[in-house]
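Participant: Residue numbers for the sequence shown follow this note's numbering, beginning at 108 and rising by one. For glycine and all other residues, C-beta sits at the position ideal for the given N, C-alpha and C. Please read all numbers here as calculations on a predicted model, not as lab measurements.
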Amino acid sequence: LLAPEFTAALFITAFTLVFSLFINAPLLELANHNATPNPSKAPWYFLGLQELLTMFDPMIAGVTAPGIVLVLLGFAPYIDRNPSNAPEDRKFAISIQTIHLMFWAVLVIIGSFFRGQGFNFTYPWDTGLHGIFHL
Numbered sequence: 108l109l110a111p112e113f114t115a116a117l118f119i120t121a122f123t124l125v126f127s128l129f130i131n132a133p134l135l136e137l138a139n140h141n142a143t144p145n146p147s148k149a150p151w152y153f154l155g156l157q158e159l160l161t162m163f164d165p166m167i168a169g170v171t172a173p174g175i176v177l178v179l180l181g182f183a184p185y186i187d188r189n190p191s192n193a194p195e196d197r198k199f200a201i202s203i204q205t206i207h208l209m210f211w212a213v214l215v216i217i218g219s220f221f222r223g224q225g226f227n228f229t230y231p232w233d234t235g236l237h238g239i240f241h242l
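#1: Could you say which of V178, L179, L180 and Q157 lies nearest to G169 if we only look at CA atoms?
#2: Where do the ends of the alpha helix (DSSP H) carrying G174 lie?
#3: In three-state DSSP terms, what is F163?
#4: Quick one: what does DSSP say V125 is sitting in, helix, strand or coil?
#5: Is it the case that the Cβ atoms of W151 and V213 are separated by a distance below 7 Å?
#6: On the three-state DSSP scale, how would you describe P113?
#7: Expressed to the nearest angstrom, what Euclidean distance is found between the alpha-carbon atoms of K148 and F220?
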């Protein structure tokens with residue numbers, strides 16, 4: 108029953124292992140507690156949350172908004188009770204998920220490419236990509 112998913116997971120794992128043998132991770136030098144980098148950015152998967160923290164009060168961006176999202180995720184099976192698995196029958200669920208992913212992707216892109224010194228808004232073509240890709 109789960110053979111296709113297991114096979115896909117096996118191929119993805121093998122690809123990742125082979126890929127990691129040839130491409131080194133872009134790690135920086137060892138951390139120096141006397142000199143922090145400016146800007147100090149979170150990993151890419153937390154950049155959306157860090158971007159929200161620059162826009163809203165920390166209580167709203169760090170506790171309330173993620174809490175509401177988690178509660179809505181918990182209630183998702185009860186809100187959309189459509190038994191069909193066909194995508195054309197699940198327009199509401201797919202549209203909500205797409206909007207959520209697009210919103211989060213925009214926040215991550217802004218946090219990655221459009222934040223410079225002091226986490227201020229800058230254009231990447233003005234400051235270059237050195238702070239982004241550590242070139």
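Facilitator: Looking at the coordinates:
#1: Considering only V178, L179, L180 and Q157, the residue with the shortest C-alpha distance to G169 is Q157.
#2: It spans A172 to I186 - the alpha helix (DSSP H) in which G174 sits, taken as one unbroken run.
#3: Residue state, collapsed to three classes: coil.
#4: It is helical.
#5: In this structure, V213 does not lie closer than 7 Å to W151 by Cβ.
#6: Residue identity check: residue 113 is Phe in the sequence provided, not Pro. Reduced to three states, the DSSP call for F113 is helix.
#7: Distance between K148 and F220, taken at the CA atoms: about 11 Å.
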